[in-house]
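These protein sequence lines map, in sequence, to chains A and B.
FYI, the numbering for the first sequence is 974 to 1084, going by our numbering.
FYI, the numbering for the second sequence is 274 to 389, going by our numbering.
Ideal placement from N, C-alpha and C gives every residue a C-beta, glycine not left out.
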Amino acid sequence: EDQVTQSPEALRLQEGESSSLNCSYTVSGLRGLFWYRQDPGKGPEFLFTLYSAGEEKEKERLKATLTKKESFLHITAPKPEDSATYLCAVQAYNQGGKLIFGQGTELSVKP
Amino acid sequence: SQTIHQWPATLVQPVGSPLSLECTVEGTSNPNLYWYRQAAGRGLQLLFYSVGIGQISSEVPQNLSASRPQDRQFILSSKKLLLSDSGFYLCAWSQGLAGGVTDTQYFGPGTRLTVL
């Protein structure tokens, strides 16, 4: 069964304190792995798509990496405006366009 | 550019009342459309998806139904709401996999439903 597990559930950082969020996945044929950011009371906002092991993508203070079993979202020198829930999702070849989501990591960055 | 709308933004309904949530997409044609529910634990549960007008696939048998009367309109309905229907409902669209490597989904602003 395809599955996505994110850790930790919640992460509290001081401004400028770099860290990483983890997304472990089990899927029969990965088409793509997606990262989204979700602010309270709003819909998820698309950040990145990763397609194959070894791939990396960056956007401002965020860098996403992918291995055959997991993905990391690295946050470098975070700011309070980076506070949000970060969602990871996978898309499998045998499931069309469906996404399987993890439970998310709630990130809080204090000034 | 593409835009996705959902309304209403918030809704408070009594148990046993009907429900109709609407989602529309602008700036694209023949999108794939999705309805998700997000409970307090933050995970997104896929409820329905549609690859074309009148084509609806249900992922979770429950008290809800979906319809797609027009190419860029997706409606989520219920005849009688249950307490367990409370949650944050999200609509999403994608362009489909035709020739593409992956199919990115883009989400609307959501509807917060409270059933009392």
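Item: Would you verify that the beta carbon of glycine 325 of chain B is, or is not, closer than 9 Å to some beta carbon of chain A?; Value: no
Item: Have a look at phenylalanine 361 of chain B and threonine 377 of chain B and give me their C-alpha separation to the nearest angstrom.; Value: 21 Å
Item: So, are the CB atoms of glutamine 979 of chain A and glutamine 1076 of chain A less than 9 Å apart?; Value: yes
Item: With H, G and I counted as helix, E and B as strand and the rest as coil, what does DSSP make of glutamate 1043 of chain A?; Value: strand
Item: Can you check which of these residues, B/Ser367, B/Asp358, B/Ile329, B/Leu354, is closest to arginine 310 of chain B by C-alpha distance?; Value: B/Asp358
Item: Assign glutamine 1011 of chain A to one of two classes, buried (16 or more other C-beta atoms within 10 Å of its C-beta) or exposed (fewer than that).; Value: buried
Item: Based on DSSP bridge pairs, tell me the residues matched to serine 1081 of chain A.; Value: A/Arg985
Item: If we count the other Cβ atoms within 10 Å of its Cβ and call it buried at 16 or more, is serine 290 of chain B buried or exposed?; Value: exposed
Item: What's the C-alpha gap between glutamate 1028 of chain A and phenylalanine 1021 of chain A?; Value: 11 Å
Item: Is tyrosine 1024 of chain A helix, strand or coil by DSSP?; Value: coil
Item: If we ignore side chains and look at the alpha-carbon of each, how far apart do serine 991 of chain A and arginine 345 of chain B end up?; Value: 42 Å
Item: Report the rounded CA-to-CA distance for asparagine 284 of chain B versus alanine 1026 of chain A, giving the unit in angstroms.; Value: Checking the sequence, you will find leucine at residue 284 of chain B rather than asparagine. Answer to the nearest angstrom: the Cα atoms are 43 Å apart.
Item: Rounded to whole angstroms, how far is the Cβ of tryptophan 280 of chain B from the Cβ of glutamate 295 of chain B, which I believe are closer than 8 Å?; Value: 6 Å
Item: Using a Cβ-Cβ cut-off of less than 9 Å, list which residues of the stretch 373-387 of chain B approach chain A; keep chain order.; Value: Val374, Thr375, Asp376, Thr377, Gln378, Tyr379, Phe380, Gly381, Pro382, Gly383, Arg385
Item: Find the residues of chain A that neighbour leucine 363 of chain B, judging by a C-beta separation of less than 7 Å, and give them in chain order.; Value: Gly1016
Item: Does any residue of chain A have a CB that is nearer than 9 Å to the CB of leucine 370 of chain B?; Value: yes
Item: Go through the stretch 307-387 of chain B residue by residue and report every complete run of the beta strand (DSSP E) that reaches 3 residues or more, in order.; Value: 317-325, 328-331, 338-343, 346-351, 360-367
Item: Mind pulling the chain B residues with CB within less than 7 Å of leucine 1046 of chain A?; Value: The premise fails here: leucine 1046 of chain A is roughly 15 Å from chain B at the closest Cβ pair, so nothing lies under 7 Å.
Item: Kindly identify the DSSP beta-bridge partner or partners of alanine 282 of chain B.; Value: Alanine 282 of chain B is not bridged to any residue.
Item: Who are serine 997 of chain A's beta bridge partners in DSSP?; Value: A/Thr978, A/Glu1043
Item: Do we get a CB-CB distance below 9 Å when we pair glycine 360 of chain B with the residues of chain A?; Value: no
Item: Are glutamate 332 of chain B and leucine 320 of chain B close, meaning C-beta to C-beta below 9 Å?; Value: yes
Item: Bridge partners of arginine 1034 of chain A, per DSSP?; Value: DSSP output for arginine 1034 of chain A lists no bridge partner at all.
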